[in-house]
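Everything below concerns the one structure shown next.
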Amino acid sequence: MAAVTHVKKSCAVNPLKMSAPIGAALAFMGLDNCMPTLHGSQGCTAFGLVLFVRHFKEAVPMQTTAMNEATTIMGGMDNVEQAILNIHKRAQPAIIGIASTGLTETKGDDVDGYLEIIRKKHPELDELALVYVSTPDYVGAFQDGWAKAVAKIVKELAEPGQKIAGQVNVLAGSHLTPGDIEEIREIVEAFGLKPIILPDLSGSMDGHVPDNFSPTTLGGTTLTQLRMTGSSEFTLAIGEHMREAAQTLQDKCGVPFEVLETLTGLDGCDRLMSLLTEKSGRPAPNKYRRQRSQLVDAMLDAHFYLGGKKIALGAEPDLLWGIGNLFAGMGAELAAVVTTTQSPLLEKLPAREVLIGDLEDLESRAQGCDLLVTHSHGRQMAERLDLPFLRMGIPMFDRLGAAHQVTVGYRGTRDLIFEVANLFMAVAHEPAPDDWRQPASEGAACGSCASAAAH
Amino acid sequence: MDALSKKVQEVFDEPACGKNQAKSEKDRKKGCTKQLQPGAAAGGCAFDGAKIALQPITDVAHLVHGPIACEGNSWDNRGAKSSGSRLYRTGFTTDINELDVVYGGEKRLFRSVKEIVDKYDPPAIFVYQTCVTALIGDDIEAVCKAATAKFGKPVIPVNAPGFVGNKNLGNKLAGEALLDYVIGTAEPETTTPYDINIIGEYNLAGELWQVKPLLDEMGVRILSCISGDAKYQEVATSHRARAAMMVCSKAMINIARKMDERYQIPFFEGSFYGISDMSDSLRNIAKLLVEKGAPAELLDRTEAIIRREEAAFWKQMEPYRDRLKGVKVLLITGGVKSWSVVSALQEVGMEIVGTSVKKSTLEDKQKIKELMGEDAHMIDDMTPREMYKMLKDAQAEIMLSGGRSQFIALKAKMPWLDINQERHHAYAGYSGMVTLVREIDKALHNPMWEQVRKPAPWDIPVEAVPLEMPLKAVA
């Protein structure tokens, strides 16, 4: 049980948090033939776009309503209309996903109302799906924007229908990489089930080389699939922040759901296997029995290296939950934990304290830790504290392959455990003659200090 | 008209800008920011521009007053290098919440300044205004004034909220902040007849350091670079320079012009990209300094250095000349870089099949015409789809551009090189040109291209597959 504390200071230093609108934009990027659009100034989009390009090393489709001072004050109706018409003309997407920003929320633009008027005015847009989600920059964080967007997508586009045998929805949280999603799809399919994954970044942001150029997303959940989510037999929500979307889908279309907080770690994977076995009526395929055994073996081999280690961990709540429990479950101590936004998971985390704060807070508490785990912005801190550094989460701009990092399933967990153990092995301390000498005098004490500092 | 709108009008009416002077009175009033098209716009906002221009000042705290988006989504993402303090890479933001939006964020801003002073004690704090805090009426000038008085160190308002315009406007508003609050507020310990300012150079990937050794050798001192690898104190004393070079086209022309007017510091516009541009820049620096009273032998010393460096450069180019001759290049970048890189690449025999002029001035375009001939393929606004097609059809063999368009080239399986602000290699000066040519050569001749362009086994026409069994039998 952890005490959840909001840091009391005015100035955030070295932010861990990113904004909700770009979380929503990334969720829209998991839809096929979609154009994510921020209703705000062009900079709102530019910053998000650069961030995603640096993370995924991919072209990123993202547009803006290009608000300026005057249009903000007069209201953004014309800009929203122009943006939709322009995007429709130039990119011909099936879906335009619009997220508001701090700017247009401060003004109080009623975008839902605008869309109604635009719909009436432009029957030529009847085929185009429009989803709008309200995400003021000054409320919540990236994962909140993602959660709101997925809930709104479901609310707008899912259609109640005759249940299709074997069809299941997988609502994927923002803590999952395209590689994770691919792994989950394989597992679900191995039980003979037909998954509709929403949002499906594994189709759009997985770094493939397409045959032609497209200004919209290439791959992801299709509009037809989105509508069919109402016909699924049940919904697997992965990550606590997917609960709202799952609930919305149940309320609207009567699809029952189960929330799996994480698929990283033996427990989470076991729960998934039991659930899929129950829903499909099929036993777990042999390859997963073998993989489970490999994970168990990896845990046995690695516990020597993880046990007793102090971890400094900075991540959004749902990623934090999975990774934090994995470390704690291997005998490591969550010595310093910082997250971005409120979540019911936080107080259940096996740590003394969880701070809603920034990387400065993490740095001040990470003295004496053995490993830093956070996104790439931890690089300066890792250097200053001379800590081994495991990059997890978005953004990861100073390494390749962020999209393909797999940490879910037995196999993904096994590899993550090996990676962490190897980080510790790489910095293993060579014993020195003075390591165990008791400080007898001032001079000797200094010598021991020097050797301690060298560790 | 409020102070900010007045400032915006003022920087739009730039007398030293050729493009502006060519306009009618009516057009000039409209300013130089094109109305952005919703749904078809790209590029950063004024805040982004202001931050790009000032963040290279290394020892100050850059505090962004606004919601998390403005700093949280963008911090520590620029390649400006520092020889000293790392404070400029620390992200500071007031990260305002809903209550601040309702009640105003000025108190939080003031307390934030205090926290930074207490914890980091920088020589100055730059406070950046953003859209939301501008809209709710937070008066950052007043807060900065109060904080300056209270904490006894400069707290400088940078009033360039994103929604007033594009990146270029933000560059200029940042320049205004320096002119209003920083430049001329301190005196240098010593001055020499060889003191210059370099304006509009951001030391990306350490490019200033490719040039500085040569200036050192000439005996020229960079009193202040605005703003690459700069310290606050240097910028504050920059009004004592004898001459200035303006590097990045029009981005900070207002600083150069106003320093000329206020402090009689003559400037010229030059570039460190390309051999002839680099040599011209060194010559112009020497010339301006001599005109301002430096001993004339500086000119000879400079010529000797230029001769030596140019000879060394061409010697290093020899292995590349044959390899790069006639290679067709598509150059997508903005402003000054287009003509300065054009001339550089032509010097080694490459052929520029197109260059973007979206952000270029009339003068820039004229220079490109001089270099590439009247039928120069100047691209005003090329869509990604068109770029992709040009590469896919091999009308161009390599694209040089900024990071955001890199995947257009890579997905067409064509070589690409980053020449914008996130780049990792330094391309300035003579040594930088060698690096650029070497990088182009490396990109073009990587054997990987042949492999990735090969069709997948299942895409090879069936008759071409050498199988022992007749394929018809299989089918």
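Top line first, the protein sequences correspond to chains A and B.
Residue numbers for the first sequence follow the numbering used here, beginning at 6 and rising by one.
Residue numbers for the second sequence follow the numbering used here, beginning at 1108 and rising by one.
Quick reminder that beta carbons are idealized off the backbone N, C-alpha and C, glycines included.
If you draw a 10 Å sphere on the C-beta of Val1559 of chain B, you find fewer than 16 other C-beta atoms in it, and that means exposed. CA-CA distance, Lys1114 of chain B to Gly1179 of chain B, rounds to 28 Å. Arg1218 of chain B sits in a helix when the DSSP states are folded into three classes. C-alpha of Asn1278 of chain B to C-alpha of Gly1156 of chain B: approximately 5 Å in a straight line. When Cβ-Cβ separations below 8 Å define contact, Ile361 of chain A makes no contact with chain B. Runs of the alpha helix (DSSP H) lying entirely within the segment 7 to 61 of chain A and spanning at least 4 residues, in chain order: 25 to 34 and 47 to 61.
What Gly1150 of chain B touches in chain A, judged by beta-carbon distance under 8 Å, is Gln47 and Ala51, going in chain order. Against chain A, a Cβ distance below 9 Å from Pro1491 of chain B picks out Ala64, Phe218 and Pro220. Annotation: the segment 204 to 272 of chain A contains the following complete segments of the beta strand (DSSP E) (minimum length 3 residues), in chain order: 239 to 243 and 262 to 265. Around Met79 of chain A, the same chain offers no residue with a beta carbon nearer than 8 Å, after the five sequence neighbours per side are excluded. When rounded, the separation of the alpha-carbon atoms in Asp1246 of chain B and Glu1213 of chain B is 7 Å.
Taking Thr222 of chain A as the centre and dropping the five residues before and after it, the same chain places the C-beta of Met34, Leu36, Asp37, Asn38, Cys39, Pro66 and Ser209 closer than 7 Å to its C-beta, in chain order. When Cβ-Cβ separations below 8 Å define contact, Arg1218 of chain B makes contact with chain A. In this structure Gly1269 of chain B is buried. Its beta-carbon is surrounded by 16 or more other beta-carbon atoms within 10 angstroms. Straight-line spacing of the CA atoms in Lys1252 of chain B and Ser1508 of chain B works out to 42 Å. Scanning its chain for C-beta atoms nearer than 7 Å, with the 5 sequence neighbours on each side dropped, one finds around Val18 of chain A the residues Asp363 and Glu365, in chain order. Taking one beta carbon from each stretch, the segment 345 to 358 of chain A and the segment 161 to 181 of chain A have fewer than 3 pairs nearer than 8 Å; the two do not touch.
For the set A:Asp306, A:Pro165, A:Met23 and A:Glu86, the Cα lying nearest the Cα of Ala1176 of chain B is the one of A:Met23. Sequence-ordered contacts of the segment 1171 to 1187 of chain B with chain A read Gly1173, Pro1174, Ile1175, Ala1176, Cys1177, Glu1178, Gly1179, Asn1180, Ser1181, Trp1182, Asp1183 and Asn1184 [C-beta pairs closer than 9 Å].
With fewer than 16 neighbouring CB atoms inside 10 Å of its own CB, Ser279 of chain A falls in the exposed class. According to DSSP, Ile1305 of chain B shares a beta bridge with B:Cys1332 and B:Met1352. With respect to chain B, the C-beta atom of Ala317 of chain A has no partner C-beta closer than 8 Å. Chain-ordered, the chain A residues with CB closer than 7 Å to the CB of Glu1222 of chain B read Lys14, Ser15 and Cys16. Any Cβ of chain B closer than 8 Å to the Cβ of Asn38 of chain A would place that residue at the interface, and such an atom is absent. Excluding the 5 residues flanking it on each side, Met1353 of chain B has same chain C-beta neighbours closer than 6 Å at Ile1306, Gly1307, Ala1363, Phe1374 and Glu1376, in chain order. The segment 1329 to 1338 of chain B makes contact with the segment 1183 to 1197 of chain B; the number of CB pairs closer than 8 Å reaches 3 or more. Not a single CB atom of chain A sits nearer than 8 Å to the CB of Pro1261 of chain B.
Below 8 Å, too few C-beta pairs join the segment 1299 to 1318 of chain B and the segment 1256 to 1272 of chain B to call them touching: fewer than three. Between the C-alpha atoms of Leu324 of chain A and Thr269 of chain A there is a straight-line separation of about 9 Å. Taking the beta carbon of Asn19 of chain A as reference, the chain B residues within 7 Å of it are Thr1197 and Gly1198, listed in sequence order. Within the same chain, Thr1344 and Arg1347 come within 6 Å of Pro1295 of chain B by CB-CB distance, once the 5 residues on both sides are set aside. Within the segment 1244 to 1273 of chain B, the residues whose Cβ lies closer than 9 Å to any Cβ of chain A are, in chain order, Pro1268, Gly1269, Phe1270, Val1271, Gly1272 and Asn1273. DSSP, read as helix, strand or coil, puts Asn1391 of chain B in helix. Secondary structure at Gln68 of chain A: strand, using DSSP grouped into helix, strand and coil. Here Thr282 of chain A has Phe196, Pro288 and Ala289 as same chain residues with Cβ atoms under 8 Å from its own Cβ, once five neighbours each way along the sequence are excluded.
Per the C-alpha coordinates, the member of B:Ile1223, B:Lys1158, B:Gly1539 and B:Val1239 positioned closest to Glu1205 of chain B is B:Val1239.
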